[in-house]
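Accompanying notes for the structure given below.
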Amino acid sequence: MPCSVFAFSTWSVAVFQLSAIIAPVVGNERRIMVSSGRLRLWCRDRVRSPSHQRGAAQRSCDNLDREDWDKRYRESAFVWSVDPNQFVVAETADLEPGRALDLAAGEGRNAIWLAEQGWKVTAVDFSDVAVAKGRRMAQHRGVRVTWEVADLVAYAPVACAYTLVLVCYLQLPVDERRVILAQATHAVAPGGTFLWIAHDVSNLEQGVGGPRDPAVLCSPKDIVEGLSGFEVLKAEVARRSVEPARSATAPETVAALDTLVRAVRRPAR
Ligand SMILES: C[S@@+](CC[C@H](N)C(=O)[O-])C[C@H]1O[C@@H](n2cnc3c(N)ncnc32)[C@H](O)[C@@H]1O
284 MPCSVFAFST
294 WSVAVFQLSA
304 IIAPVVGNER
314 RIMVSSGRLR
324 LWCRDRVRSP
334 SHQRGAAQRS
344 CDNLDREDWD
354 KRYRESAFVW
364 SVDPNQFVVA
374 ETADLEPGRA
384 LDLAAGEGRN
394 AIWLAEQGWK
404 VTAVDFSDVA
414 VAKGRRMAQH
424 RGVRVTWEVA
434 DLVAYAPVAC
444 AYTLVLVCYL
454 QLPVDERRVI
464 LAQATHAVAP
474 GGTFLWIAHD
484 VSNLEQGVGG
494 PRDPAVLCSP
504 KDIVEGLSGF
514 EVLKAEVARR
524 SVEPARSATA
534 PETVAALDTL
544 VRAVRRPAR
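This note's numbering applies: residue 284 is where the sequence shown begins, and numbers increase by one.
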């Protein structure tokens, strides 16, 4: 039962003898009529989107849906740093710029940095708020990025089209992660690089920050298991230095632990 409906029914028991009529869902809203005597009140209740329903059984405060992400992105100027992730910088330093696909690109810090290095980048995220911010930042920095708003669970990128496919801190339960991992690897061109960076499950006990729900964390093994036709160059738990403010709850710890997988697609025979 959605929270708002629950709140109403509790209130009704405590204060008045209210009755509620719940109308069918229209669009993504459902109307609820609450009445007491001659008083009638129609309320609107937001119905969860299909992507929300998909993960409903496993949802936690770390397993966010599109609306949660939109809200988060609306709340601050930039949720993440505007600087690229340190592993993206390090792992692409020896690559010749080509076509790159950044999946779950968020506000676009990595996509924009890659574009600045000469990559032709497509950035995809299901939060249109994040994508709008990315567009503005790219414009401000004078680079072109192709932006797409899409749910990656249903997104099929062009197969074998990208010399770099990047997935950075996508935090989803295993079923959805597997679907996206498969699609992401299909998009890598022969000889191209696949890069998966994520909050590692060991971060819960030994690192700082990041989601607290183990269901949305992974390990290098989880990712490598989903690679077929790739040579794995790196599959490790990497230490990422964290700004002091983010490690305030554990001042003695200075690093977050990330899953870092870098692999190259074997050329077609
Ligand atoms: C932790 S943020 C990482 C953003 C970016 N990769 C970065 O490192 O700055 C995770 C991103 O995944 C996106 N996301 C989560 N589930 C998604 C889905 N099913 N389809 C598309 N994007 C999704 C969110 O909107 C959010 O922008």
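Positions of the beta carbon are idealized from the N, C-alpha and C atoms, including for glycine.
- In this structure S511 is exposed. Its beta-carbon is surrounded by fewer than 16 other beta-carbon atoms within 10 angstroms.
- Checking the 7 Å criterion, the Cβ of Y445 is out of range of every heavy atom belonging to ligand 1.
- Looking at the DSSP output, D385 bridges to A406, L449.
- In this structure, T542 lies near D483, with their beta-carbon atoms less than 8 Å apart.
- Beta-bridge pairing by DSSP links R523 to A539.
- Here the C-alpha atom of E379 lies approximately 35 Å from the C-alpha atom of S359.
- Apart from the 5 residues on each side of it in sequence, K416 sits with its Cβ closer than 8 Å to the Cβ of Y356, F361, E390, G391 in its chain, given in chain order.
- Within its own chain, the residues whose Cβ lies closer than 6 Å to the Cβ of C501, once the five positions on either side in sequence are excluded, are A481, T542, listed in chain order.
- The shortest CA-to-CA distance from E508 to any of G401, A387, V544 is the one to V544.
- In chain order, S410, V412 place their CB closer than 6 Å to the CB of D353, counting only its own chain and leaving out the 5 sequence neighbours on each side.
- Taking a C-beta distance under 8 Å as the contact criterion, E519 and P503 qualify as a contact pair.
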